[in-house]
Amino acid sequence: MSEVSKKSHVKNGFACLLKARRTCPLFLLSIAAVVGILVGDLTPNLIPEWLSWTLGISGLVATIALFGKKCPVIGSFVLFLTIALLFSAFHVQKLDHLDSFVLLPNLNRGQTIRVTDARATVVSEPRFTGSGQRRFGRAVLKIDGFRLAGRDWKCHHRFPAVFEIMPEELKYGDRIEVSGRFEPLREATSPGAFHEKKFHFRSNDAVGKFYVEAGNRVDFSGENRGFRVVHWAHRTRDHLESALMHGIGHHPIETRSVITAMVLGMREDAPEEVEDLFRLSGTMHIFAVSGLHVGIIAAFAWFMLPLFGISRRTASLIIIPVVLFYAVVTGLRPSAIRAAIMISVVALGFCLRRPARILNSLGFAALIILILNTQQVFQPGFQLSFAVLLAIAWLANPI
Numbered sequence: 000m001s002e003v004s005k006k007s008h009v010k011n012g013f014a015c016l017l018k019a020r021r022t023c024p025l026f027l028l029s030i031a032a033v034v035g036i037l038v039g040d041l042t043p044n045l046i047p048e049w050l051s052w053t054l055g056i057s058g059l060v061a062t063i064a065l066f067g068k069k070c071p072v073i074g075s076f077v078l079f080l081t082i083a084l085l086f087s088a089f090h091v092q093k094l095d096h097l098d099s100f101v102l103l104p105n106l107n108r109g110q111t112i113r114v115t116d117a118r119a120t121v122v123s124e125p126r127f128t129g130s131g132q133r134r135f136g137r138a139v140l141k142i143d144g145f146r147l148a149g150r151d152w153k154c155h156h157r158f159p160a161v162f163e164i165m166p167e168e169l170k171y172g173d174r175i176e177v178s179g180r181f182e183p184l185r186e187a188t189s190p191g192a193f194h195e196k197k198f199h200f201r202s203n204d205a206v207g208k209f210y211v212e213a214g215n216r217v218d219f220s221g222e223n224r225g226f227r228v229v230h231w232a233h234r235t236r237d238h239l240e241s242a243l244m245h246g247i248g249h250h251p252i253e254t255r256s257v258i259t260a261m262v263l264g265m266r267e268d269a270p271e272e273v274e275d276l277f278r279l280s281g282t283m284h285i286f287a288v289s290g291l292h293v294g295i296i297a298a299f300a301w302f303m304l305p306l307f308g309i310s311r312r313t314a315s316l317i318i319i320p321v322v323l324f325y326a327v328v329t330g331l332r333p334s335a336i337r338a339a340i341m342i343s344v345v346a347l348g349f350c351l352r353r354p355a356r357i358l359n360s361l362g363f364a365a366l367i368i369l370i371l372n373t374q375q376v377f378q379p380g381f382q383l384s385f386a387v388l389l390a391i392a393w394l395a396n397p398i
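Per numbering that gives the first Met the number 0, the sequence shown runs over residues 0 to 398.
Okay, structure coming up:
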C-alpha cells in the first residue's frame, strides 16, 4: 500500500470519527465505557483506583472547559478517555469488593465453611421445584453478616443459595436469618462444559454459593426490603400467567411451559427434555424474551391508545412506562432492557419532535445498563443483543 493511500485511509477514518462525534456521540461514549471495563478487568492493578477516579473527575472538568473554549474535537477526545477511566475505576471497585470476602481464601482452596445466624436479604425471586417435604429451591441471597467460631463477621456479598427444603412463604425482598454452609463454585471439568464459577461471578457477582440443608434454621424477620415496582411486576406476571393458562389448563405441561416462556420469559416450569429439544433444533431463542417482544407491546399500545381518543404525543409518553414495566415483568433481560430504553428514547423524541438516531439510542441503552452493572459486558445476552442490532443498523442503509 502506497504512502498516499495510507494517508487517504487515515484521513477518511478521521472524517468518519468526526461525523460520528456529531451524529452519535453516545454510541462513542458507550464504546469508551466498554473499553474501560475491559482494561479494568484485564489489568485491575494498572492504575490505582483513587488515581482513576481523580483523573476521571479532572477529565470531566477539562472537557467542560474545552467545549467552553470551542475546542470540540479535543474536548471529545478527552471525554472519551474520561469515560473509559471512570468505568474502569467503577469496575475495579466492584472487583475489589468481591475480593474482600473474608472467606474467599478458604473457598479458593476448595473448603466448605459452616456458619450460623447468616443475616440475608432475598434479592431474586425464589424458584421452587417439587412440593411438601421435597420442596427444593434456589434464590440469590445478599448476606450482610454471619456467625463463625463464636464471632460475628460482616459480609455484604451476594451468593446463589440452594435450599434442600425451601419455605413456601419465602419471597423476593424478605429478610431472613439462616444457618448453612459456604461452598466453592465448581470450575469446568472439560473444554466447553458449564463453568459454574465464571457464570455466577459474572451474572450474580458471587465468589461462592450458600447451601441450606433440610432441618437448618430459616427465620423470618417480618421485614421486606424489595423494591415496590419489582413486587408489582411479580404480581402482574402472576396475573398474566393465570390469564394465559385460562382455557388451556388441560393441555400438557410441555405446551403450557412453552407459551409462558415465549410471552413472559418464564422458563422455570419447562421440563428439561423440552428445553433439550429446542436447544438441539437451534430454536432455544424462543424461550428468551427479546426486543421483539418489547416492540410488539409498544406497537400494540401505539395503535390501540388512539382508539380511545388519546393523542399520538400522549400515547408516546404512556408507552415509556409500559415498556419499562414489561422489561421488569419479564426478568430484566439485557435484550428487553435494551429494547425498552431505545423505544423510550424514540417515544420521547417523537413527543419532543426530535427524531432519535438508532446508534445514539443504542449507545444510550448500553451506558444505562453498564452503569447499573459493569459485569454485563461479559454476558452473552448483552453481547448478542447489542451486536445484532449494531449489525442491523450498520447494514440498514446499504441494503
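Heads up, the beta-carbon is just placed ideally off N, CA and C, and yes, glycines get one too. All values derive from a computational prediction rather than experimental measurement.
Residue span of the alpha helix (DSSP H) that contains residue i, given as start and end
i    : result
H230 : R227 to M244
Y325 : R311 to V328
G362 : I357 to L371
A297 : G290 to M303
Residue burial classification, residue i (beta-carbon count within 10 angstroms, cutoff 16)
i    : result
G207 : buried
T42  : exposed
M165 : buried
M244 : exposed
D237 : exposed
F385 : buried
G214 : exposed
H199 : buried
I370 : exposed
A31  : buried
Q375 : buried
L328 : Reading off the sequence shown, one finds Val at residue 328, where the question assumed Leu. With 16 or more Cβ atoms within 10 Å of its Cβ, V328 is classed as buried.
T120 : buried
P414 : The structure shown has nothing for residue 414, since the chain only spans 0 to 398.
Rounded C-alpha distance that separates residue i from residue j
i    : j    : result
L78  : H156 : 33 Å
H90  : R108 : 25 Å
G74  : S123 : 42 Å
P305 : I318 : 12 Å
H8   : L37  : Here the model assigns H8 a pLDDT of 49, short of 50, so the residue's position is not dependable and the matter cannot be decided.
V387 : E222 : 43 Å
K153 : A300 : 48 Å
G149 : T115 : 9 Å
H96  : R201 : 14 Å
L84  : L54  : 7 Å
S99  : L331 : 28 Å
S289 : V322 : 12 Å
D151 : S220 : 18 Å
G348 : F363 : 13 Å
A117 : L94  : 23 Å
F135 : L279 : 28 Å
L316 : V344 : 10 Å
Q378 : G308 : 43 Å
N- and C-terminal bounds of the beta strand (DSSP E) containing residue i
i    : result
L147 : F135 to L147
N223 : V217 to N223
A205 : Premise fails: A205 is in no beta strand (DSSP E) and is neither H nor E.
S334 : Taken as a continuous stretch (DSSP letters only), S334 belongs to no beta strand (DSSP E), being part of the alpha helix (DSSP H) at P333 to C350.
G179 : D173 to E182
P159 : R150 to F162
Proximity to residue i [Cα-Cα], best of the options
i    : options                   : result
E272 : L106, F363 and V257       : V257
R126 : G380, V139, N105 and A117 : V139
Y325 : G380, T111, I342 and N105 : I342
S51  : A31, T81 and A32          : T81
A392 : N372, S360, I367 and Q378 : S360
P333 : S315, T313, F302 and L366 : L366
P159 : L45, L94, E195 and W231   : E195
L106 : R118, F209, I46 and V34   : F209
Whole beta strand (DSSP E) elements within the stretch 86-115, 3-residue minimum: none
Inside the stretch 17-50 only - alpha helix (DSSP H) runs reaching at least 4 residues: 24-41
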